[in-house]
Amino acid sequence: MDTAARNDDHVAMTSATVEQPAATAPADRGESRGLARQLARDTLYLIASFPMGVLAFTLLVTGWSTAISLLITFVGIPLALLTIFVTRGIAWVERARTTIVTGDSVPGRYRVPLPLRRDDWRGMRRIWEWTKAITLDPQTWRDTGYELLLFPLGIAGFTVAVTGWSTSLALISTPLWWWIPHSTHWFDLGAFTVNSWGTALAAMALGLLALAVTAALVRGLSAVSIGLVRWMLGCEVDELQQRVEHLAETRAGAVDAAQAELERIERDLHDGAQARLVAVALDLGLAEQRIAAGEDPASAAELVREAREETQRALAELRDIARGIRPAMLAERGLEPALTSLAARVGGVPTSVSVDVGDRLPTAAETAAYFVVAEALTNISKHSGASVASVRLQRRGAVVEIDVHDDGRGGANPNGTGIDGLRKRVEALDGTLRLTSPPGGPTDLHVEIPCAS
Amino acid sequence: MRVVIAEDLALLRDGLTRMLEDNGFEVVAGVEDGEGLIEAVERERPDVCVVDVRLPPTFRDEGIRAALEARRRVPGLPVLVLSQYVERVFAKELLADGSGGVGYLLKDRVAEIGDFVDAVRRVAAGGTAMDPEVVAQLVAGRGPARLEELTPRERDVLGLMAEGRSNQAIAAKLVVTEGAVEKHVSNIFGKLMLPPSEGDHRRVLAVLAWLGE
């Protein structure tokens, strides 16, 4: 708070009692009114912090102490969850309160746990995951920290606002009391006693000083509180902005990847199955012609045999294309059998597969994980010259981690088209992909795919 | 009769070669792209070319562009273009220069060997071979209003005529006499107010132009 503003404030607070000439410009008066309103809002904000702080402190301390003492029995866990939700509720009220005072909203961001379904109550695993996601949310603990700080802050704010304003007003009004006839003709103010016009006016001057100090303190404390709310209860707007940009980018990447995939399928169909079927028709037409012309039946039979073989190749190609969209093994049996069969099929390099992801993952995550491994293994068998490779999938909380390792010659291009397509696929699911392949090897591919929602 | 084939897939190139050779053609060159086609055409001066629309490097309309370029370099070069799907625009581009010897057929037609070989010969002789699908698209694009004046039989004849078939072939297809076909044709020309045209090819162009208007 600067001196000019304090002087303005001084004018505003005294203009009611002391007649001021109309020298103050209207703009100044507007500013004064704005400041007065601001101080009123700050004061109400600080006063309200007190009950909020007491409420939060009481609920949190009671909630946690009861929950922790009951943690060995199963009642403790729901009680802890209840406390967490109470904490979030209070945080919500605090954000709303700040929004009312400042006009700017404070965005809070919590992790979204896997939604619970009805049949989850049979297996405890998902409930455990859910509880863990709620409990380990960093924002919850920032909320808790803030709410504990709110208690002393609320007391301080309340004390300063209430005693500061009342003391100032009492001192300023001293001459009035002195002037009123029949009232007591002296006040004991501790430091000095008001027993004359001189001391009454001195008390008034002291009151004006106290008024300025109170205004500064109220403004300052309220600013500190609001700053604390923004810092502890809000997530950075920049962070949100970055997130939006990242999402927009990965979404575009996903669309590109889908389009490239469609074009690949179209080409596969055109050059593969479709061309083979034309060839089959051609062979059969020729065979028909030869038979009709009464030529050597053996040459016609040869054409028919070729046509049959071509049909089988067309079928195999159609199957491969369908597998490229969603492998049957994956759809029917899940990741582990699909990846084991994939590792055996790609061949060339002995590959160990270890999958530890618990229940089935969401379809999109599962398919992405499969194609990451498929592409990696194809690259290994084509380019790495490795003697051994390993694939490891494991679930850590709400993330699946995929690690593909080979002991080959390394030097893989992290921006090659194959890897780029995979990266887009992974980023579309909000995941990350990292390829380390120094010349001379080994090559490590590390991919993380969220699978919580 | 000497043929150049432009087809990027070896499987189909071999199949086409075998089929044409079985039917008395001499395949003098089998090439995989547009550049190869132009080179082979200038070198061999074939009687007819069979060209796939989709050729490397773009796999879009490379074949059409190569065929048009080949016809620019060797005027009157007969070209039969094969396509996996029908695109009216391609047909129009081929017909645009108004000279004869063009064909545009779906790839599937190669299996009806008799018809296909007939189409190759017709194109080689300076005639036209339009796929029934192309004709159907042109007719559909034309709208039924002006075709209403035609009897169903006249519409059949119009379609076959647009495909590039001769009166004799139309008569055989519809199992009527050539005289009857001639009568239908003059009725069609009268009803559609087309100028009388001499020769099969001019007639086809007139009909296609009317349809494509």
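Taken in sequence, the protein lines are chains A and B. In terms of the numbering used here, the first sequence is residues 914 to 1366. In terms of the numbering used here, the second sequence is residues 435 to 647. Idealized CB from N, CA, C, for every residue including glycine.
| Residue range of the alpha helix (DSSP H) that includes A/I1315 | Segment V1312 to D1319 is the beta strand (DSSP E) holding A/I1315; no alpha helix (DSSP H) there.
| message | Residues of chain B with CB closer than 9 Å to the CB of A/L1197, please, in chain order. | response | A545
| task | Check the Cβ-Cβ distances between B/K625 and every residue of chain A, and say whether any is below 8 Å. | result | no
| field | Segment limits, beta strand (DSSP E) that includes A/L1348 | value | T1345 to T1349
| request: Please determine if the stretch 1107 to 1114 of chain A and the stretch 1139 to 1148 of chain A are in contact, where contact requires at least 3 C-beta pairs separated by less than 8 Å. | output: no
| Beta-carbon gap between A/A1206 and A/V1217 smaller than 8 Å | no
| said: Does A/R1236 come out as helix, strand or coil in the three-state DSSP assignment? | reply: helix
| field | Below-8 Å beta-carbon distance, A/R1218 vs any chain B residue | value | no
| said: From the DSSP secondary-structure annotation, give me the bridge partner or partners of B/I439. | reply: B/G464 and B/V484
| Shorter than 8 Å from the beta carbon of B/R452 to some beta carbon of chain A? | yes
| Alpha-carbon to alpha-carbon, A/L1348 and A/R1384 | What is shown of chain A runs 914 to 1366, which leaves residue 1384 of chain A out entirely.
| C-alpha gap between A/T1117 and A/I960, whole angstroms | One detail in the question is off: residue 1117 of chain A reads as Met in this sequence, not Thr. Whole-angstrom Cα-Cα distance: 25 Å.
| task | Give a yes or no on contact between the stretch 1041 to 1052 of chain A and the stretch 992 to 1011 of chain A, applying the rule of three or more CB pairs nearer than 8 Å. | result | yes
| request: Below 7 Å CB to CB, which residues in the same chain sit around A/R1305 once its five sequence neighbours on both sides are set aside? | output: S1267 and D1316
| At what residues does the beta strand (DSSP E) containing A/L1197 begin and finish? | Element bounds for A/L1197: not the beta strand (DSSP E) but the alpha helix (DSSP H), A1188 to A1205.
| task | Count the other C-beta atoms from every protein chain shown that fall within 10 angstroms of the C-beta of A/Q1187, then say buried if there are 16 or more, exposed otherwise. | result | buried
| message | Within 8 Å, do at least three Cβ pairs link the stretch 494 to 513 of chain B to the stretch 454 to 471 of chain B? | response | yes
| Going along chain B, which residues have a C-beta under 8 Å from A/R1189? | L445
| query | Within the chosen definition, does the stretch 453 to 464 of chain B reach the stretch 1334 to 1349 of chain A through at least 3 CB pairs nearer than 8 Å? | reply | no
| message | So if DSSP puts B/V536 in a beta bridge, which residue, or which two residues, is it bridged to? | response | B/V513 and B/T562
| request: Could you spell out where the beta strand (DSSP E) holding B/P630 opens and where it closes? | output: Element bounds for B/P630: n/a, residue is neither H nor E.
| Nearest-angstrom Cα separation, counted from A/L957 out to A/A1173 | 60 Å
| task | Have a look at the DSSP bridge pairing and note the partners of A/I1085. | result | Looking at the DSSP assignment, A/I1085 forms no beta bridge with any residue, so it has no partner.
| Closer than 8 Å, Cβ to any Cβ of chain B: which residues of the stretch 1175 to 1187 of chain A, in chain order? | R1180, H1183, D1184 and Q1187
| said: Can you list, in chain order, the residues of its chain with a C-beta nearer than 6 Å to that of A/Q1307? Leave out the 5 residues immediately preceding and following it. | reply: D1269 and E1314
| Closest by CA to B/E616, which one among B/Q602, B/L628, B/K625 and B/V609? | B/Q602
| query | Among all the DSSP beta bridges, which residues are the ones paired with A/P877? | reply | Chain A is shown from 914 up to 1366; residue 877 of chain A falls before or after that span and cannot be answered.
| said: I want to verify the contact list: residues of chain A whose CB lies under 8 Å from the CB of B/D542, in sequence order. | reply: V1191 and A1194
| task | Can you grab the Cα-Cα spacing for the pair A/L1084 / A/P964, in whole Å? | result | 28 Å
| task | State yes or no: is the C-beta of A/D955 within less than 8 Å of the C-beta of A/V1131? | result | yes
| task | Measure the C-alpha to C-alpha separation of B/D549 and B/L539 and round it to an integer number of angstroms. | result | 11 Å
| task | Check the Cβ of B/Q518 against every Cβ in chain A and list those closer than 8 Å, keeping chain order. | result | H1183 and Q1187
| Residues sharing a beta bridge with A/R1308, DSSP | A/V1313
| task | Examine chain B for any beta-carbon lying closer than 8 Å to the beta-carbon of A/Q1225, and answer yes or no. | result | no
| task | Would you kindly check if the distance between the Cβ of B/D481 and the Cβ of B/P509 is under 8 Å? | result | no
| Hey, how far is the Cα of A/W977 from the Cα of A/V1006? | 20 Å
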